[in-house]
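Colleague: Per full-length UniProt numbering, the sequence shown starts with residue 1, numbered consecutively.
The C-beta atom is built at its ideal place from N, Cα and C for all residues, glycine as well.
Remember, it's a predicted structure, so these values are computed and weren't measured experimentally.
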Amino acid sequence: MRIGPTIDMSAYALQTLINLMLAQAQECVWQKAAMDQLRDGTIARLAIKISEFYDSAYEFASNSSIQNVYPVSWLIHTQIKALHFHAAAQFRKSCECLSQDKYGEELCRLQVALDYVKRALEMIKINSRYVSLAVANDLKSLQQIITTNLARAEKDNDVIYLARIPLPSSLPPILKTQMVNPVPPLEISDPVSLMLNNESSNADAPPHPIIGLPLFQKLVPFAVHQAASVYVDRKERLIKEDIIAKLEELTGVYNSSIESLNLPTLLATAGSSTGLPESILRQAAEVRSEGGSRILYDMWEQVHKASFNNAEILEDAFNALDEEHETDEALRSKYTSVWNRPESNILTQQLVTQGQKHRQTLTSAQKADVVVRSKLDTWSKIIDVLTLTREELEDSIPSDDNKSGDSQEDQLLRIKRLTEDMNQHLRLRRNLIDQAKKASNADDISPALLKKAAELTAKSPTVKIEAAQFEELFVDGLRKYDYFVMTVDKEDEKQNAILRQLNDAYHQYISRPSHSGSAKREKALQNLHQAYLKYKEIKTNLSEGLKVVYNIEILVVE
Numbered sequence: 001m002r003i004g005p006t007i008d009m010s011a012y013a014l015q016t017l018i019n020l021m022l023a024q025a026q027e028c029v030w031q032k033a034a035m036d037q038l039r040d041g042t043i044a045r046l047a048i049k050i051s052e053f054y055d056s057a058y059e060f061a062s063n064s065s066i067q068n069v070y071p072v073s074w075l076i077h078t079q080i081k082a083l084h085f086h087a088a089a090q091f092r093k094s095c096e097c098l099s100q101d102k103y104g105e106e107l108c109r110l111q112v113a114l115d116y117v118k119r120a121l122e123m124i125k126i127n128s129r130y131v132s133l134a135v136a137n138d139l140k141s142l143q144q145i146i147t148t149n150l151a152r153a154e155k156d157n158d159v160i161y162l163a164r165i166p167l168p169s170s171l172p173p174i175l176k177t178q179m180v181n182p183v184p185p186l187e188i189s190d191p192v193s194l195m196l197n198n199e200s201s202n203a204d205a206p207p208h209p210i211i212g213l214p215l216f217q218k219l220v221p222f223a224v225h226q227a228a229s230v231y232v233d234r235k236e237r238l239i240k241e242d243i244i245a246k247l248e249e250l251t252g253v254y255n256s257s258i259e260s261l262n263l264p265t266l267l268a269t270a271g272s273s274t275g276l277p278e279s280i281l282r283q284a285a286e287v288r289s290e291g292g293s294r295i296l297y298d299m300w301e302q303v304h305k306a307s308f309n310n311a312e313i314l315e316d317a318f319n320a321l322d323e324e325h326e327t328d329e330a331l332r333s334k335y336t337s338v339w340n341r342p343e344s345n346i347l348t349q350q351l352v353t354q355g356q357k358h359r360q361t362l363t364s365a366q367k368a369d370v371v372v373r374s375k376l377d378t379w380s381k382i383i384d385v386l387t388l389t390r391e392e393l394e395d396s397i398p399s400d401d402n403k404s405g406d407s408q409e410d411q412l413l414r415i416k417r418l419t420e421d422m423n424q425h426l427r428l429r430r431n432l433i434d435q436a437k438k439a440s441n442a443d444d445i446s447p448a449l450l451k452k453a454a455e456l457t458a459k460s461p462t463v464k465i466e467a468a469q470f471e472e473l474f475v476d477g478l479r480k481y482d483y484f485v486m487t488v489d490k491e492d493e494k495q496n497a498i499l500r501q502l503n504d505a506y507h508q509y510i511s512r513p514s515h516s517g518s519a520k521r522e523k524a525l526q527n528l529h530q531a532y533l534k535y536k537e538i539k540t541n542l543s544e545g546l547k548v549v550y551n552i553e554i555l556v557v558e
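See the structure below:
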């Protein structure tokens, strides 16, 4: 069924664009001629053709059959540009008349040019929001030049030449020089040959840059489409469940295992009989630079004050609603049927609901603030120990009086080596997941499915194709992921071995004979590390609390 072109592809719409582009191209030639200072007559002939192109573009664009296809700004622009180049052509022609001693014609053409400019400027004045500043400035410059030349020509003619000024209608028309032509590309002028050549091209050839692939080239039998969907589902399930999920589960088991043994704290605090571990020094420097418990108490006071203010605002709002309700009831009782406005509790129901919701949120936040304050009071003193200078901090930590702890040092080094080995495996797992995703994205089974479908229909095109007939292709395609699955199994075995060794080394480490100095030192270092963790936790809680109360304040005020 053949249908006509849409309105934006009609002859009038296309002719508008053709003439507009020709005008712009001719304008480039005119600009080059003016810059190269060609003869005035030549420039005039170029300019008059530009005005003709703009006039034609406006005429086609304003046709009632394509109304509203092009914006108003386009129509105004084409009108102003047409008037501009009419004026420019007359001005350049007047310059040629001056060189040919045609003083009367010069005066007439200058007057005509000035009239065109005035019409254009009047249109700009009415439709200034549609006209660019550059176009307006060009017209004003042209007006100034024409006005200056007109005053000079009138004076010379009145005093010296006394030439007769012809009527504008009697002026000989300016010859037109067209330097541009609409040349349709081959894809438009001969589309049939193009499509035939495209369809007969090699299937592996890249698509045509203009029209792309032949129509329906990628269309496949529905069974092939189903088979591709089945393969994609299996592939994604394999990657998600057998690779990514298992690796994430292994990592979770490892993290929970070392946390249960308290290995992060042990590694952060143990390992030196004198001085302080670098991790403790870094943590102390951070807490010291931020202000220690003082900054936490200041933040808590901000939260508490904001929460108290929100509670007062809410209470005032509820009191105002209650007062309004009581006033409404009193007036309703006094005036009975005359007081026919809706009841106050109906009008304010939504406000009351919102207020109760905000009150519940605020109450929950205040309870959380109490918990955070209790936590802060408990840990503030040891947090402030971290704000001491390095020398003061070292003096506050007992030294290790155990001089026979070589075996314990060996176990500690063993734990460090095992955790470093495991960290390498964690990085390997992240890389493995990325590789599996990249392999999945690059895995396209469609060519193999199409080849198999062609084999199945080679003898008879009416043979029914089902997804089950591609099972062998599915199996072969999924084999490329065997490497990832096998690597996951190896990671499981390796992690189990490392966890057994970590557990053994940890228990050997803690089973050493008790020495009061070393035990006190280790306990003090662990307390400092734990204080740092609590400092970060409390600071995070207070930052979130500030966000909550400020958000509540915004909602309550609104």
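Can you tell which of Tyr532, Glu106, Ala458 and Gln24 has its C-alpha closest to the C-alpha of Glu154?
Modeller: Taking the first residue of the sequence shown as 1, we reach residue 154 at position 154. Taking only the C-alpha atoms, the option nearest Glu154 is Glu106.
Colleague: I'd like the list of long-range same chain contacts for Leu43, defined as Cβ closer than 7 Å, with 5 residues on each side in sequence excluded.
Modeller: Within the sequence shown, the letter at position 43 stands for residue 43. Reading off the sequence, residue 43 comes out as Ile, not Leu. For Ile43, where only same-chain residues beyond five positions count, the Cβ hits under 7 Å are Trp30, Ala33, Ala34 and Arg92.
Colleague: Under three-state DSSP, which class holds Trp343?
Modeller: Indexing the sequence shown from 1 puts residue 343 at position 343. It should be pointed out that residue 343 corresponds to Glu in this sequence rather than to Trp. Glu343 falls in the coil class under three-state DSSP.
Colleague: Whole angstroms are fine: how far does the CA of Arg521 sit from the CA of Ser380?
Modeller: Along the sequence shown, read from residue 1 onward, the residue named residue 380 stands at position 380. Along the sequence shown, read from residue 1 onward, the residue named residue 521 stands at position 521. The alpha-carbon atoms of Ser380 and Arg521 are separated by roughly 20 Å.
Colleague: With a threshold of 16 other CB atoms inside 10 Å of the CB of Met353, please say whether the residue is buried or exposed.
Modeller: Locating residue 353 in the sequence shown gives position 353, counting from the first residue. The residue you asked about is not Met; residue 353 is Thr in the sequence shown. Classification of Thr353: exposed, given that the 10 Å Cβ count is below 16.
Colleague: How about Ile280 and Tyr481: do their beta carbons lie closer than 9 Å?
Modeller: Position 280 of the sequence shown holds residue 280. Position 481 of the sequence shown holds residue 481. Not a contact, by the Cβ cut-off of 9 Å.
Colleague: So the candidates are Tyr58, Ala87 and Leu75; which of them puts its Cα closest to the Cα of Ile48?
Modeller: Within the sequence shown, the letter at position 48 stands for residue 48. The shortest C-alpha separation from Ile48 is found at Ala87.
Colleague: Assign residue 600 to buried or exposed, taking buried as 16 or more other Cβ atoms, counted over all protein chains shown, within 10 Å of its Cβ.
Modeller: The structure shown does not extend to residue 600, since the chain is modelled only from 1 through 558, so no value can be given for it.
Colleague: Quick one: give me the first and last residue of the alpha helix (DSSP H) that Lys464 is part of.
Modeller: Taking the sequence shown and counting its residues from 1, one reaches residue 464 at position 464. Here Lys464 belongs to no alpha helix (DSSP H), and DSSP marks it neither H nor E.
Colleague: For Trp300, which of Thr148, Leu376 and Ile165 has the nearest alpha-carbon?
Modeller: Counted from its first residue, the sequence shown places residue 300 at position 300. Considering only alpha carbons, the answer is Leu376.
Colleague: Return the CA-CA distance between Ser374 and Tyr297, expressed in angstroms with no decimal places.
Modeller: Taking the first residue of the sequence shown as position 1, residue 374 is located at position 374. Taking the first residue of the sequence shown as position 1, residue 297 is located at position 297. Roughly 11 Å separates the two Cα atoms.
Colleague: Rounded to a whole number of angstroms, what is the C-alpha to C-alpha distance between Ala228 and Arg234?
Modeller: By 1-based counting over the sequence shown, the position of residue 228 is 228. By 1-based counting over the sequence shown, the position of residue 234 is 234. Answer to the nearest angstrom: the Cα atoms are 10 Å apart.
Colleague: Do Asn149 and Leu110 count as a contact pair if the criterion is CB distance below 9 Å?
Modeller: Stepping through the sequence shown from its first residue, residue 110 is reached at position 110. Stepping through the sequence shown from its first residue, residue 149 is reached at position 149. Yes, Cβ-Cβ distance for Leu110 and Asn149 is below 9 Å.
Colleague: On the CB-based measure, 16 or more other CB atoms within 10 Å of its CB, does Tyr335 come out buried or exposed?
Modeller: On the sequence shown, residue 335 is found 335 positions in, with the first residue counted as 1. By the neighbour-count rule (16 or more Cβ atoms within 10 Å), Tyr335 is not buried but exposed.
Colleague: Phe308: buried (16+ other C-beta within 10 angstroms of its C-beta) or exposed?
Modeller: On the sequence shown, position 308 is the one that residue 308 refers to. With fewer than 16 other Cβ atoms within 10 Å, it is exposed.
Colleague: What do you reckon, are the CB atoms on Ala439 and Phe484 nearer than 9 Å?
Modeller: Position 439 of the sequence shown, counted from the first residue, corresponds to residue 439. Position 484 of the sequence shown, counted from the first residue, corresponds to residue 484. Yes. Within cutoff.
Colleague: Please state if the CB of Val224 and the CB of Leu499 are separated by a distance shorter than 9 Å.
Modeller: Mapped onto the sequence shown, residue 499 falls at position 499. Mapped onto the sequence shown, residue 224 falls at position 224. In this structure, Val224 does not lie closer than 9 Å to Leu499 by Cβ.
Colleague: On a Cα-Cα basis, can you pick out the residue from Phe53, Leu114 and Cys95 that is closest to Gln37?
Modeller: Locating residue 37 in the sequence shown gives position 37, where the first residue counts as 1. The option with the nearest alpha carbon to Gln37 is Cys95.
Colleague: Would you tell me roughly how many angstroms separate the C-alpha atoms of Arg332 and Val548, rounded to the nearest one?
Modeller: Position 332 of the sequence shown, counted from the start, is the residue given in the question as residue 332. Position 548 of the sequence shown, counted from the start, is the residue given in the question as residue 548. Approximately 41 Å, taken between the alpha carbons.
Colleague: If Ala524 and Leu386 are in contact, beta carbons under 8 Å, what's the gap, nearest whole angstrom?
Modeller: The count along the sequence shown starts at 1 and reaches residue 524 at position 524. The count along the sequence shown starts at 1 and reaches residue 386 at position 386. Going by Cβ atoms, the distance from Ala524 to Leu386 rounds to 12 Å, so no, they are not a contact pair.
Colleague: For the alpha helix (DSSP H) containing Ala468, name the first residue and the last one.
Modeller: If you number the sequence shown from 1, residue 468 lands on position 468. It is not in any alpha helix (DSSP H) - Ala468 carries neither H nor E in the DSSP assignment.
Colleague: How would you label Phe222, buried or exposed, when you count the other beta carbons within 10 angstroms and need 16 or more for buried?
Modeller: Here residue 222 refers to the residue found at position 222 when the sequence shown is read from its first residue. So Phe222 counts as exposed.
Colleague: Rounded to whole angstroms, what is the Cα-Cα separation between Gln526 and Leu266?
Modeller: Walking along the sequence shown from the start, residue 526 turns up at place 526. Walking along the sequence shown from the start, residue 266 turns up at place 266. Computed Cα separation, rounded: 7 Å.
Colleague: Got a sec, what are the start and stop residues for the alpha helix (DSSP H) Val371 sits in?
Modeller: Counted from its first residue, the sequence shown places residue 371 at position 371. Where Val371 is concerned, the enclosing alpha helix (DSSP H) stretches over Gln349 to Val385.
Colleague: Could you say if the segment 70-77 and the segment 122-136 meet the contact criterion of at least three C-beta pairs nearer than 8 Å?
Modeller: Contact holds: three or more Cβ-Cβ distances are below 8 Å.
Colleague: Can you tell me whether His77 is buried or exposed, with buried defined as 16 or more other CB within 10 angstroms of its CB?
Modeller: The count along the sequence shown starts at 1 and reaches residue 77 at position 77. With 16 or more Cβ atoms within 10 Å of its Cβ, His77 is classed as buried.
Colleague: Which ranges does the alpha helix (DSSP H) cover as unbroken runs of at least 4 residues, wholly within the segment 426-457, from first to last along the chain?
Modeller: The segment 426-457 contains these whole alpha helix (DSSP H) runs: 446-456.
Colleague: Tell me, to the nearest whole angstrom, how far the beta carbon of Gln424 is from that of Ala505; I am working on the premise that it is less than 8 Å.
Modeller: Reading the sequence shown from its first residue, position 424 is the one you call residue 424. Reading the sequence shown from its first residue, position 505 is the one you call residue 505. Not confirmed; about 18 Å, so no contact.
Colleague: Looking at the structure shown, is Lys403 part of a helix, part of a strand, or coil, going by DSSP?
Modeller: Position 403 of the sequence shown, counted from the first residue, corresponds to residue 403. Caution is warranted here: a pLDDT of 48 is assigned to Lys403, below 50, making its placement in the model unreliable, and no coordinate value can be reported.
Colleague: Shortest alpha-carbon distance to Ile124 belongs to which of Val112, Leu139, Leu114 and Ala113?
Modeller: Within the sequence shown, numbered from 1, the residue matching residue 124 stands at position 124. Among Val112, Leu139, Leu114 and Ala113, the Cα nearest to that of Ile124 belongs to Leu139.
Colleague: Kindly indicate which residue of Cys108, Val159 and Asp369 has the alpha-carbon position closest to the one of Ser170.
Modeller: Taking the first residue of the sequence shown as 1, we reach residue 170 at position 170. Taking only the C-alpha atoms, the option nearest Ser170 is Cys108.
Colleague: Give the single residue among Gly292, Ile3 and Arg39 whose Cα lies nearest to the Cα of Leu388.
Modeller: As a position in the sequence shown, residue 388 is number 388, starting the count at 1. Answer by Cα proximity: Gly292.
Colleague: What do you reckon, are the CB atoms on Ile397 and Val287 nearer than 9 Å?
Modeller: As a working mapping, residue 397 is identified with position 397 in the sequence shown. As a working mapping, residue 287 is identified with position 287 in the sequence shown. Contact flag unset, no.
Colleague: Can you grab the Cα-Cα spacing for the pair residue 560 / Ala11, in whole Å?
Modeller: This structure does not reach residue 560, given that the chain is present from 1 up to 558, and the question cannot be answered.
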